[in-house]
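Participant: With full-length UniProt numbering, the residue at position 54 of the sequence shown is 54, and numbering never jumps.
Yeah, the Cβ is synthetic: ideal placement off N, Cα and C, and Gly gets one too.
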Amino acid sequence: MTRTKWVECGVGVFVLAGFLGLVFLGLQVSGLNLSRANDTFTLHASFSNIGGLKERSRVTVAGVTVGHVTDIELDPKWLDGRVTMQIDESMKDKLSSDSTAAILTSGLLGEQYVGLSTGGAPETLEDGDTIRDTQSALVLENLIQQFVSNMSK
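#1: Just checking, does the region 1-21 make contact with the region 72-85 on the three C-beta pairs under 8 Å criterion?
#2: Measuring alpha carbon to alpha carbon, tell me which residue in Ala137, Glu126, Phe147 is nearest Gly52.
#3: Rounded to a whole number of angstroms, what is the C-alpha to C-alpha distance between Gln66 and Arg58?
#4: Let me make sure I understand the geometry here. Which of Glu123, Trp78, Gln28, Thr60 has the alpha-carbon closest to that of Ser106?
#5: Let's see if you can read the secondary structure: which residues bound the beta strand (DSSP E) around Ser106?
#6: Is Ala121 buried or exposed, if buried means 16 or more other CB atoms sit within 10 Å of its CB?
#7: With a 10 Å radius around its C-beta and 16 neighbouring C-beta atoms as the bar for buried, classify Gln28 as buried or exposed.
Shown next as structure tokens:
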């Protein structure tokens, strides 16, 4: 091969590596998980305000990702946001029945995710259970509105 062909092959490999890198980063940012569905169990939680929580958002315990949000819908009876989460099977007997779920924000204006905190009850959450103790999202616009209304008094 001539030198030109080697340069063209090198450029082609470089472009292909760049494209594969972009695909990899896109999958990481989107939160797609390649684990099998049978390696998880389902939990539900209802929030009065879900803020900017989205499907595929992270679910964490002590800052460690243990699952993701699979569905968000409006509860027709209570008019709350009902969040369905898939939790890793490794957490099956570790989340007590009095665990709490809060919608938290990563950084000041970052992504929102569900943070789980374990309680002390001897019973554990099973597949399909609902977490009763929840804390809704902190909406920045509401805080600003409260601050402005308090300043005008």
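Facilitator: Walking through what the data contain:
#1: no
#2: What you label residue 52 is simply residue 52 of the sequence shown in a count that begins at 1. When only C-alpha atoms are compared, the closest one is Ala137.
#3: In the sequence shown, the residue the question calls residue 66 occupies position 66. In the sequence shown, the residue the question calls residue 58 occupies position 58. In the sequence on display, residue 66 carries Val and not Gln. Val66 and Arg58: Cα-Cα distance of roughly 8 Å.
#4: Along the sequence shown, one-based indexing puts residue 106 at 106. With distances taken between Cα atoms, Ser106 lies closest to Thr60.
#5: By one-based count along the sequence shown, residue 106 stands at place 106. First-last for Ser106: undefined, no H or E at that position.
#6: As a first step, residue 121 is located in the sequence shown; it is residue number 121 there, counting from the start. Counting Cβ neighbours within 10 Å, Ala121 comes out exposed, since fewer than 16 surround it.
#7: One-based indexing of the sequence shown puts residue 28 at position 28. Gln28 should be labelled exposed.
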